[in-house]
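Residue 59 is where the sequence shown starts when you use this note's numbering, and the numbers rise one by one after that.
Here a beta-carbon is modelled for each residue, glycine too, at the ideal position from N, C-alpha and C.
Note that the structure is a prediction, hence the values are computed from the model and not measured.
The structure appears right after this line, and notes come after that.
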Amino acid sequence: MFTRSVVTIRLSLIFTAAAVCNGLFFVSAAEVEESVRAIRGIGAEGKGQVEAAKAMQSLRSADAKSILTILMAMGEGNALADNWLRAAVETIAQREMTKGTRLPMLELGQFVLETSNPPRARRLAFELITRVDPVTADRMLTGMVNDPSTELRREAVQKTIQQAETSLAESNKVGAVLLFQQMLGLARDVDQVDSIAKSLRTLGQTVDLPWTLGFLTQWKVVGPFDSTGGKGFAAVYRPEETLDLGAEYDGKTGKVRWQTLAQTEEDGSASMNKPFTPLKGAAAFAYTEFNSEHAQTAELRLGSKNAFKVWLNGKFLFGQEEYHRNKAIDQYRMAGQFQAGRNIILVKVCQNEQTEDWATEWDFQLRVCDSLGTPLRSSALAKAVIAPASGGKL
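Next up, the structure:
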């Protein structure tokens, strides 16, 4: 005769074996949290990956209720950890949906609606909602055109762009223009901005892209200085030490003084080839002021094919010694601390000695943005009423 404890143990072993054979294993909430902590500990060069692999096996066996716990942990570690956590969520969701188990849809929706949650996790939660209830997901997008998650915002903006195109197909030109104009101010991805601008121009509207994207367009420039053999990047010229807009310097070809450069290029570029004779082996400086309404951390986003250095209020932020490889909007992002009121931005841009036609560019583009890419405008340049994205007769 077996005692009750022995019977209990044997039944427990039988049940566990059956669960394992059926691919099931019950993981407690505490075990889920412990596994999540192990995965968040993943570091560079394989650090913590053995522990994370064990934790991953445990998470894959967790139930649907554990998805929210895992989602909340995304964004607290590094990108590698987030990828592991995403894989765990997708494995659990796929298994539960295959079994016919309902995902916690209300909780997932509330997680998406709470904009303070990690952006990548919110995006993943939204993907799960889309798989189960695409109609509700599509309707939720309507309220996400100003979302702090750039991925969710992009989808919401794209939906409205499609609505504008539908209006146009229905011969509602006014409706199409208004929707395009609305999205021009809300889109944060450059390809969407370009697409919207093209549509508006086709409809007879004017679009000021440099203003829309927030490029800094008013500069004082001085140069050229000698950069033969690439020495100008490392060399320290007087504008780097003391800023004096009334000063005269010894330049590459003689005495040089500060002069005004108003940028008029469609892509926001400030070209050193305009104020100076196009030269090779040369360096120049560009100066502007940015008036911030309050102290804040913001991003200086620069694109250039040339070597450059950037200073904010005399503090060196970043430099890149590279020539004619590529130029793209927001190619380099530099976090800077802006003080309330006047801020000084100084850019050094160097040209090398390549002679190919495609190596003639000697320019840069720069804008100040928040972390989402929303342009921040200098209060001295901002208009009392936000500048219209476009204008024209309908």
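Cα-Cα, which of the options is closest to residue i?
| i | options | result |
| --- | --- | --- |
| residue 314 | 379, 395, 305 and 321 | 305 |
| residue 411 | 175, 138, 337 and 164 | 337 |
| residue 388 | 346, 361 and 320 | 361 |
| residue 464 | 182, 233, 188 and 254 | With the chain covering 59 to 452 only, the question about residue 464 has no answer from this structure. |
| residue 390 | 383, 401, 382 and 378 | 378 |
| residue 147 | 236, 190 and 186 | 186 |
| residue 343 | 308, 301, 280 and 332 | 280 |
| residue 109 | 271, 87, 142 and 123 | 142 |
| residue 197 | 179, 274 and 171 | 171 |
| residue 127 | 100, 88 and 158 | 88 |
| residue 299 | 371, 92, 426 and 226 | 371 |
| residue 403 | 386, 414 and 274 | 274 |
| residue 262 | 282, 236, 250 and 249 | 236 |
| residue 432 | 301, 248 and 225 | 248 |
| residue 427 | 350, 99, 382 and 211 | 350 |
Can you name the start and end residues of the beta strand (DSSP E) that residue i belongs to?
| i | result |
| --- | --- |
| residue 357 | 354 to 361 |
| residue 399 | 399 to 409 |
| residue 281 | 276 to 284 |
| residue 425 | 421 to 427 |
| residue 56 | With the chain running from 59 to 452 in the structure shown, residue 56 is simply not present. |
| residue 392 | 390 to 396 |
| residue 341 | 340 to 350 |
| residue 375 | 373 to 378 |
For residue i, is the classification buried or exposed, using 16 other Cβ atoms within 10 angstroms of its Cβ as the cut-off for buried?
| i | result |
| --- | --- |
| residue 205 | buried |
| residue 80 | Since pLDDT at residue 80 reaches only 41, below the 50 mark, its modelled position is unreliable, and no value is offered. |
| residue 285 | buried |
| residue 420 | buried |
| residue 294 | exposed |
| residue 136 | exposed |
| residue 111 | exposed |
| residue 334 | buried |
| residue 192 | exposed |
| residue 90 | buried |
| residue 232 | exposed |
| residue 169 | buried |
| residue 115 | exposed |
| residue 213 | buried |
| residue 303 | exposed |
| residue 234 | buried |
| residue 96 | buried |
| residue 239 | buried |
| residue 444 | In this prediction, residue 444 scores a pLDDT of 35, lower than 50, which makes its location untrustworthy; the coordinate-derived value is nonetheless stated afterwards. So residue 444 ends up on the exposed side. |
| residue 423 | buried |
| residue 359 | buried |
| residue 229 | exposed |
| residue 164 | exposed |
| residue 156 | exposed |
| residue 316 | buried |
| residue 160 | exposed |
| residue 394 | buried |
Between residue i and residue j, how many whole angstroms is the CB-CB distance? I'm expecting something under 8 angstroms.
| i | j | result |
| --- | --- | --- |
| residue 340 | residue 277 | Incorrect: roughly 17 angstroms between the Cβ atoms, too far for contact. |
| residue 140 | residue 130 | The Cβ separation is near 12 angstroms, so there is no contact. |
| residue 122 | residue 176 | Contact flag wrong, Cβ pair sits at about 20 angstroms. |
| residue 271 | residue 326 | 6 angstroms |
| residue 120 | residue 150 | 6 angstroms |
| residue 208 | residue 180 | Not really, about 11 angstroms apart at Cβ, beyond 8 angstroms. |
| residue 319 | residue 332 | 7 angstroms |
| residue 190 | residue 244 | Actually they are not in contact, since the Cβ atoms of residue 190 and residue 244 sit about 28 angstroms apart, beyond 8 angstroms. |
Assuming residue i is part of the alpha helix (DSSP H), what are its boundary residues?
| i | result |
| --- | --- |
| residue 112 | 107 to 117 |
| residue 308 | Counting along the chain, residue 308 falls outside any alpha helix (DSSP H), though it belongs to the beta strand (DSSP E) covering 306 to 308. |
| residue 181 | 177 to 190 |
| residue 131 | 124 to 131 |
| residue 454 | The structure shown does not extend to residue 454, since the chain is modelled only from 59 to 452, so the question has no answer here. |
| residue 320 | Here residue 320 belongs to no alpha helix (DSSP H); instead the beta strand (DSSP E) covers 317 to 320. |
| residue 221 | 208 to 227 |
| residue 238 | 231 to 242 |
| residue 296 | 296 to 299 |
| residue 334 | No alpha helix (DSSP H) holds residue 334; DSSP gives it neither H nor E. |
| residue 252 | 248 to 260 |
| residue 413 | Unbroken run through residue 413: none, as it is neither H nor E. |
| residue 435 | Careful: residue 435 lies outside any alpha helix (DSSP H) and carries neither H nor E. |
| residue 311 | Run containing residue 311: none; DSSP gives neither H nor E here. |
| residue 162 | Counting along the chain, residue 162 falls outside any alpha helix (DSSP H), and DSSP gives it neither H nor E. |
At a cut-off of 7 angstroms, is residue i close to the ligand NAD when judged by its beta-carbon and the heavy atoms of the ligand?
| i | result |
| --- | --- |
| residue 253 | This structure simply doesn't include the ligand NAD, nor any ligand for that matter. |
Is residue i close to chain D? Criterion is C-beta to C-beta, closer than 8 angstroms.
| i | result |
| --- | --- |
| residue 342 | Going by chain labels, chain D is absent from the structure shown, which holds only one protein chain. |
With contact counted as at least three CB pairs below 8 angstroms, one residue from each stretch, are the segment 281 to 297 and the segment 349 to 358 in contact? no
For the segment 360 to 368 and the segment 397 to 412, state whether three or more C-beta atom pairs, one from each stretch, are separated by less than 8 angstroms. yes
Tell me whether the segment 252 to 267 and the segment 393 to 402 touch, counting them as touching only if at least three CB pairs, one residue from each stretch, are closer than 8 angstroms. no
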